[in-house]
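Heads up: the sequence shown begins at 38 in the numbering used here, then just goes up one per residue. Ideal placement from N, C-alpha and C gives every residue a C-beta, glycine not left out. Here the structure is a predicted model, which means the values were calculated and not measured. Here is the structure we will look at.
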Amino acid sequence: PSPPQPPPPPAVAGSFYEGTPARLRAQVEACFADHPPQTEKEHFIGAVVPHAGLMYSGHVAAAFYARAALPKRFVILCPNHTGHGHFAAINREGAWRTPLGNVPIDTPLADALMAQTSLLVEDTRAHAREHSLEVQLPFLQHLLGGFTFVPICLGAHRYDYAEEIGRAVAAVVKNESDPVGILASSDLNHYEDQETTLRKDQLAIDEVTKRDPRELWRVVDEFDVSMCGFIPTTTMLVAANALGATNAKLIQHATSGDVNGDYAHVVGYASMLIS
Numbered sequence: 038p039s040p041p042q043p044p045p046p047p048a049v050a051g052s053f054y055e056g057t058p059a060r061l062r063a064q065v066e067a068c069f070a071d072h073p074p075q076t077e078k079e080h081f082i083g084a085v086v087p088h089a090g091l092m093y094s095g096h097v098a099a100a101f102y103a104r105a106a107l108p109k110r111f112v113i114l115c116p117n118h119t120g121h122g123h124f125a126a127i128n129r130e131g132a133w134r135t136p137l138g139n140v141p142i143d144t145p146l147a148d149a150l151m152a153q154t155s156l157l158v159e160d161t162r163a164h165a166r167e168h169s170l171e172v173q174l175p176f177l178q179h180l181l182g183g184f185t186f187v188p189i190c191l192g193a194h195r196y197d198y199a200e201e202i203g204r205a206v207a208a209v210v211k212n213e214s215d216p217v218g219i220l221a222s223s224d225l226n227h228y229e230d231q232e233t234t235l236r237k238d239q240l241a242i243d244e245v246t247k248r249d250p251r252e253l254w255r256v257v258d259e260f261d262v263s264m265c266g267f268i269p270t271t272t273m274l275v276a277a278n279a280l281g282a283t284n285a286k287l288i289q290h291a292t293s294g295d296v297n298g299d300y301a302h303v304v305g306y307a308s309m310l311i312s
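Next comes the structure, spelled out in structure tokens:
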């Protein structure tokens, strides 16, 4: 057999987050400065976490990671910002790399998901330059050390696809003996002024906290909410509901304007926990 390939280099180390181990560790620790990890961790089925550069949204992501009872296995759903690759691209083997080390892909979990729905297709191109999933890994590496994950990059603007993949995730997670966390990577409204963004963000936040994937999809479309990860968030909500979720709450909401002072062109960020 051919030797395993080394993981590809990270796409956004040195831009979205610090590029050396020491500086990245310090940056992740700084994200947790306002959110010391809780002693009483909260059980969760799914979550929404933002994915801008750590200097912009890292503190909002950390608000979730600090309080969640994190398992050692994850399905991480992200949007496709580049347009490359398959519309429901999964990686089933190998590892991803950040400056903090390699993170193995959970091959048994990936294979189970692919057996459950033919929509998921093995494809590395969709993930090659995609930042939205990669920026979650340093938080998990910092808190957990070792864990495994399945990366899924979703780009099809079809509710029925999101629903099918969400149901597949639920069916597989239900059968696993170890807990599996389902993370949806998404920012909220993009590049409008603070007032407009807070209003549009709230439309999306309200539907997530109601755990209503269909209404989330409708609201994003109808009110032109430029929530880049509404497809993964919809998929996560379908999965969480099928797994018996009864509760969802907003943990933190902020905008890029809160960080850089430019309130004319902001991006919204929220972390939300579904249990």
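Mapping DSSP to helix, strand and coil, what is residue i?
i, result
"Ser214", "coil"
"Ser94", "helix"
"Thr154", "coil"
"Ala99", "helix"
"Ala70", "coil"
"Ile82", "coil"
"Met264", "coil"
"Ala63", "helix"
"Glu229", "strand"
"Ala48", "coil"
"Phe53", "coil"
"His179", "helix"
"Pro87", "coil"
"Asn139", "strand"
"Gly319", "Summary: the structure shown does not reach residue 319, with the chain confined to residues 38 through 312, and so no result is reported for it."
"Leu274", "helix"
"Thr246", "helix"
"Thr185", "strand"
"Ala285", "strand"
"Leu191", "strand"
"Leu280", "coil"
For residue i, which residues from the same chain have a beta carbon less than 6 Å from its beta carbon, with the 5 sequence-adjacent residues on both sides left out?
i, result
"Ser94", "Pro87, Tyr306"
"Arg162", "His121, Gly122"
"Ser293", "Tyr93, Val303, Val304"
"Leu170", "Ile113, Cys115, Pro188, Ser222"
"Asp238", "Leu225, Asn226, Gly305"
"Gln178", "Leu137"
"Phe184", "Lys109, Leu177"
"Leu146", "Val187"
Give every residue of the same chain whose Cβ lies closer than 7 Å to the Cβ of residue i, excluding the five residues on either side of it in the sequence, and list them in chain order.
i, result
"Gln75", "Ala103, Arg104"
"Leu156", "Ala125, Tyr198, Glu201, Ile202"
"Ala208", "Gln153"
"Lys211", "Leu280"
Taking 8 Å as the cut-off, decide whether the C-beta atoms of residue i and residue j are in contact.
i, j, result
"Trp115", "Glu167", "Contrary to the premise, residue 115 reads as Cys rather than Trp in this sequence. Yes; because the gap between Cβ atoms is below 8 Å, this pair is in contact."
"Val172", "Phe53", "yes"
"Ile202", "Thr154", "yes"
"Thr135", "Pro108", "no"
"Leu137", "Leu61", "yes"
"Gly131", "Pro44", "yes"
"Ala279", "Ile311", "no"
"Leu191", "Asn117", "yes"
"Cys68", "Ala106", "no"
"Thr233", "Pro250", "no"
"Ile219", "Ala277", "yes"
On the premise that residue j lies in contact with residue i, defined as a C-beta separation below 8 Å, what is that separation, rounded to the nearest angstrom?
i, j, result
"Ala282", "Arg248", "6 Å"
"Ala84", "Ala221", "7 Å"
"Ala89", "Asp197", "The pair is not a contact, with the Cβ atoms about 30 Å apart (cut-off 8 Å)."
"Val112", "Val187", "5 Å"
"Ala126", "Val158", "6 Å"
"Met264", "Val275", "Met264 to Val275, Cβ: 16 Å. No contact."
"Ala291", "Val97", "5 Å"
"Val217", "Arg110", "5 Å"
"Phe260", "Leu240", "6 Å"
Which first and last residues belong to the beta strand (DSSP E) in which residue i is found?
i, result
"Cys115", "110-116"
"Arg134", "132-135"
"Leu107", "Note, Leu107: premise wrong, no beta strand (DSSP E); not H, not E."
"Ser169", "That residue, Ser169, is in no beta strand (DSSP E); its alpha helix (DSSP H) goes 168-171."
"Ala126", "125-127"
"Ser308", "303-311"
Just reading off the alpha helix (DSSP H) that residue i is part of, what are its end residues?
i, result
"Gly294", "293-297"
"Pro250", "250-259"
"Ala163", "162-165"
Can you give me the Cβ contacts of residue i inside the same chain, cut-off strictly under 8 Å, excluding the 5 residues immediately before and after it?
i, result
"Ile242", "Leu225, Leu287, His290, Ala307, Met309"
"Asp215", "Pro108, Lys109, Arg110"
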